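Numbering (my numbering), first residue to last: 730 to 822.
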């Protein structure tokens, strides 16, 4: 178990993130749904959008928690999305 402080983990959450490249999902006309340079909020109505922040910051997570380095990024992404789905379902019931 690590003694990493909460301040260190959450210190650098920016208010917005900038789309680094065109998204993979396409609309009906074949255009990307998300486009490079678009701004997306990390904080909405005072709440951090944790799924987005965690997915965007996996490299930093692997630095803070070295035991995650041996796990494939796709596995970590899947875990983050599953936890978010579970929490969303828990809060809706």
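Beta carbons are placed, not taken as given, at the ideal position from N, Cα and C, and that holds for glycine.
Remember, predicted model here, so these are calculated numbers, not experimental data.
For residue 791, DSSP records no beta bridge to any residue. About 14 angstroms separates the Cβ atoms of residue 797 and residue 784, ruling out a contact at the 8 angstroms cut-off. With respect to the 9 angstroms criterion, residue 762 and residue 775 are not classified as neighbours on the basis of their beta carbons.
Here residue 766 has 747, 748 as same chain residues with Cβ atoms under 7 angstroms from its own Cβ, once five neighbours each way along the sequence are excluded. Of 777, 770, 757, 759, the smallest CA-CA separation from residue 813 is found for 777.
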